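Participant:
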Amino acid sequence: MNGRRVVVTGLGLLTPVGNDVETSWDAIKNGQSGINPIEHFDTADFTTRFGGSVKGFDCSQYIEKREARRLDAFIQYGMAAGIQAVNDAGLEDASLNPQRVGVAVGSGIGGINSIEETSYLVRSKGPRKISPFFVPGSIINMISGMLSIRFGYQGPNIAITTACTT
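Counting from 58, one number per residue, gives the positions in the sequence shown under the numbering used here.
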């Protein structure tokens with residue numbers, strides 16, 4: 058193989074057992090489970106009522122609250138994990154060639170919360186009530202795009218969706 062090397066230099070995590078790498082890794086090493094009863098929506102009509110959800114996440118550490126209001130939770134989570142990874146790598150203030158730095162993001166689905174809310178809104182109030190932020194807020198490349206803009210990266214910007222294998 059005669060290609061250029063790719064180096065992963067930093068990590069960032071938001072998981073059911075912690076909202077950063079250290080907390081998540083400690084929980085995993087100690088055998089802690091992040092599976093709990095689902096509390097962020099009504100599960101009465103579902104046969105499964107438990108799952109792994111991010112808990113205690115404060116997006117204001119990473120994104121201005123005004124901006125966060127129009128972002129689906131998956132974008133907030135992706136931004137937080139990406140910012141953590143950049144900080145972990147010590148690259149937030151590095152003088153890098155921005156054209157040599159790219160962002161790659163993987164996600165199982167994207168903005169399912171926004172898709173569900175907009176579906177109900179369209180049925181109850183009609184298509185004119187669809188937010189202009191609906192499509193951008195539903196697609197996973199918003200994470201890599203917003204991270205690239207935030208840090209000034211101009212290299213490859215990749216967003217991959219392959220369901221649960223991402």
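Cβ atoms here follow ideal geometry from the backbone N, Cα and C, with glycine treated the same way.
Nothing here was measured: the structure is a model prediction, and the numbers come from that model.
Does the distance from the CB of G91 to the CB of G113 come in under 8 angstroms?
Facilitator: Walking along the sequence shown from the start, residue 91 turns up at place 34. Walking along the sequence shown from the start, residue 113 turns up at place 56. Contact: no.
Participant: Using a Cβ-Cβ cutoff of less than 8 angstroms, which residues in the same chain neighbour N156 once the five nearest sequence positions on both sides are dropped?
Facilitator: Your numbering for residue 156 matches position 99 in the sequence shown. The sequence given here places Gln at residue 156; Asn does not occur at that position. Q211 and G212, listed in sequence order.
Participant: With DSSP collapsed to three states, give me the class of G109.
Facilitator: The residue given as residue 109 occupies position 52 in the sequence shown. Three-state DSSP puts G109 in a strand.
Participant: Rounded to whole angstroms, how far is the Cβ of D115 from the Cβ of N170, which I believe are closer than 8 angstroms?
Facilitator: For the purposes of this step, residue 115 is taken as the residue at position 58 of the sequence shown. For the purposes of this step, residue 170 is taken as the residue at position 113 of the sequence shown. About 18 angstroms; that fails the 8 angstroms criterion.
Participant: Assign A216 to buried or exposed, taking buried as 16 or more other Cβ atoms, counted over all protein chains shown, within 10 Å of its Cβ.
Facilitator: Residue mapping note: residue 216 aligns to position 159 of the sequence shown, counting from 1. Classification for A216: buried.
Participant: Can you name the start and end residues of the beta strand (DSSP E) that N214 belongs to?
Facilitator: Along the sequence shown, read from residue 1 onward, the residue named residue 214 stands at position 157. Segment N214 to T218, the beta strand (DSSP E) holding N214.
Participant: Assuming contact is defined by CB atoms lying nearer than 8 angstroms, are N198 and G159 in contact in what I supplied?
Facilitator: Translated into positions along the sequence shown, residue 198 becomes position 141. Translated into positions along the sequence shown, residue 159 becomes position 102. No.
Participant: So, helix, strand or coil for T72, using DSSP?
Facilitator: Taking the first residue of the sequence shown as 1, we reach residue 72 at position 15. Note: T72 maps to strand in three-state DSSP.
Participant: Give a yes or no on whether the C-beta atoms belonging to I196 and G167 are separated by under 8 angstroms.
Facilitator: By one-based count along the sequence shown, residue 196 stands at place 139. By one-based count along the sequence shown, residue 167 stands at place 110. Taking 8 angstroms as the Cβ cut-off, I196 and G167 qualify as a contacting pair.
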